Amino acid sequence: MHRLFTELEPSITVTEQNLADRVRYILRSNKFDGAELERLRREAAPSSNENATTEGAVPQVAEQPAHVDAAENTPVVADSNDDGTFTQELEIEQMRSTLEEAIMETRSTPLENRPRLPRIALSKRNRAVVRALNPMLVTYLEASRDLCETDSILFGAALAVCRIIGAKLSTAGRTTGQSSAIPAWRTRIEERIAKARALIGRLICFRSGNTRPRIVRTVRMAFAGTNVSLSQPDIMQKLTERIDDLKQRIAAWGKRIRRYTERSTRFNQNRLFQSDQKRLYKSLERPMVSGTGPVPNQADTVAFWRSLWSEPVNHNEGPWTEVVASQCAGITPMDPVTITPDDVAEAVRRAPNWKSPGLDGLHHYWLKGFVHLFETSSVILFEQPNFRLNNKIMSRIGISPVILDQKNNSKAAYISTKLKITTTF
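Numbering follows this note's numbering, with no gaps: position 375 of the sequence shown is 355.
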């Protein structure tokens, strides 16, 4: 390409690197469409050797930016229009190696240690990168055996896209432990409680006969906007009512914080039980206190636990179970559930782009972008209804029998869900 440019413009001095950078800038910025670029290539070829030069110049113009990009390790995908919309892919092999590396890295990384995927701009270039990686995923998705492996493939593909477009990734991962940061709403409530307690103290002092100017000023502020005067005869009753109202508010605020604390403790204990049971049991241990009482008898201890574990298990099933079983005996079994790619696409289509309900942190945007997922996931869900998922994920799929009306036995029916997946952590 540099030799051809030197022959055409001998008066201009330019290096090979500078020329390659300019060509790459033109292709990236999309200043010319495909037809215009092709016309410029034909005009740049000498008329004496038009065919040979054209055949040799076109690959050089297309390959030189690829060589420069490979040196900078920055894959590029540029869009162009030539009798329709198509995507011109540069650095396909490098993108393929980036994808393979990301998938292998994701498979060997626990869910909680994976990097946090950022939100990417919905630009033409980013969408072109996603479309370019789509056909590369077919081989990996067809070899997938379950949803866990499919999930790791999708996460690796999303990670590869972020690396190709240069998006900033968080390497800290997602921790499963309890966060030490106090929520802002809890801080605000604690400040309200502190102010309410201080106000109660001032009101009690005023009710006890303390009429210092600071106390009186605070009492007037407490009754501001209520048409209550400190000189009216029932001021003591108003003070008592105001103090009771503040105490009830403090109790309500404290109960809100207590509910959050209990729920947060349960949630973190459940997560810790799934990730590190030994650590959970250690946190539940009470501090060892040296007792002064007699040492328990070993024989009595063994007899106590043996009496508990040796008892047969007798579940108390109510008579209503037999009634329901007799009612459902004559019901015709439902047809097998068939999950098609259209069902998966419809379920994914309505999901918000940047929500990630799972532990893996994979946004719905990637499920929509990698369209080859639909066929693969439908095959897995249809052919393996009883598959087991690893990484502490439980999945449920299939038939849900429901009694619609117990008063009228003829209305008892089965309700099936075509795609019903419940993920718990």
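Beta carbons are placed, not taken as given, at the ideal position from N, Cα and C, and that holds for glycine.
As the structure is a computational prediction, the values presented were derived from the model and not from experiment.
Boundaries of the alpha helix (DSSP H) in which residue i is found, first to last residue
| i | result |
| --- | --- |
| residue 184 | 164 to 187 |
| residue 133 | 127 to 145 |
| residue 282 | 278 to 289 |
| residue 316 | Here residue 316 belongs to no alpha helix (DSSP H), and DSSP marks it neither H nor E. |
| residue 216 | 215 to 255 |
| residue 6 | -4 to 9 |
| residue 73 | 72 to 87 |
| residue 265 | Where residue 265 is concerned, there is no enclosing alpha helix (DSSP H), given that its DSSP letter is neither H nor E. |
| residue 212 | Residue 212 -> no alpha helix (DSSP H), and no H or E assigned at all. |
| residue -17 | -18 to -12 |
| residue 117 | 117 to 122 |
| residue 197 | 193 to 202 |
| residue 344 | 344 to 349 |
| residue 306 | 300 to 308 |
| residue 321 | 321 to 329 |
| residue 110 | 104 to 113 |
Buried versus exposed call for residue i [16 or more other C-beta atoms within 10 Å across all chains shown]
| i | result |
| --- | --- |
| residue 346 | buried |
| residue 164 | exposed |
| residue 141 | buried |
| residue 311 | exposed |
| residue 492 | It is not possible to answer for residue 492, since the shown part of the chain is limited to -19 through 405. |
| residue 168 | exposed |
| residue 184 | exposed |
| residue 263 | exposed |
| residue 339 | buried |
| residue -10 | exposed |
| residue 406 | Residue coverage of the chain in this structure runs from -19 to 405, which leaves residue 406 outside it and unanswerable. |
| residue 75 | buried |
| residue 210 | exposed |
| residue 112 | buried |
| residue 306 | exposed |
| residue -6 | exposed |
| residue 7 | buried |
| residue 289 | exposed |
| residue 4 | buried |
| residue 22 | exposed |
| residue 125 | exposed |
| residue 20 | exposed |
Which residues DSSP lists as bridging residue i, in chain order
| i | result |
| --- | --- |
| residue 150 | 96 |
Alpha-carbon spacing of residue i relative to residue j, whole angstroms
| i | j | result |
| --- | --- | --- |
| residue 253 | residue 330 | 33 Å |
| residue 261 | residue 244 | 17 Å |
| residue 88 | residue 149 | 18 Å |
| residue 200 | residue 238 | 32 Å |
| residue 355 | residue 325 | 9 Å |
| residue 180 | residue 265 | 40 Å |
| residue 102 | residue 259 | 43 Å |
| residue 42 | residue 84 | Annotation note: pLDDT 38 at residue 42 (below 50); position unreliable, no value reported. |
| residue -8 | residue -18 | 11 Å |
| residue 121 | residue 15 | 36 Å |
| residue 294 | residue 282 | 23 Å |
| residue 304 | residue 130 | 39 Å |
| residue 195 | residue 186 | 7 Å |
| residue -13 | residue -1 | 14 Å |
| residue 246 | residue 100 | 34 Å |
| residue 10 | residue 95 | 33 Å |
| residue 299 | residue 292 | 21 Å |
| residue -4 | residue 2 | 10 Å |
| residue 308 | residue 273 | 60 Å |
| residue 132 | residue 316 | 29 Å |
| residue 240 | residue 161 | 14 Å |
| residue 189 | residue 275 | 60 Å |
| residue 73 | residue 334 | 29 Å |
| residue 178 | residue 227 | 11 Å |
| residue 208 | residue 224 | 16 Å |
| residue 214 | residue 206 | 14 Å |
| residue 313 | residue 336 | 36 Å |
| residue 197 | residue 217 | 19 Å |
| residue 13 | residue 104 | 15 Å |
Beta-carbon proximity of residue i to residue j, cut-off 9 Å
| i | j | result |
| --- | --- | --- |
| residue 352 | residue 114 | yes |
| residue 144 | residue 118 | no |
| residue 97 | residue 343 | yes |
| residue 202 | residue 182 | yes |
| residue 79 | residue 146 | no |
| residue 279 | residue 230 | no |
| residue 127 | residue 86 | no |
| residue 319 | residue 233 | no |
| residue 91 | residue 350 | no |
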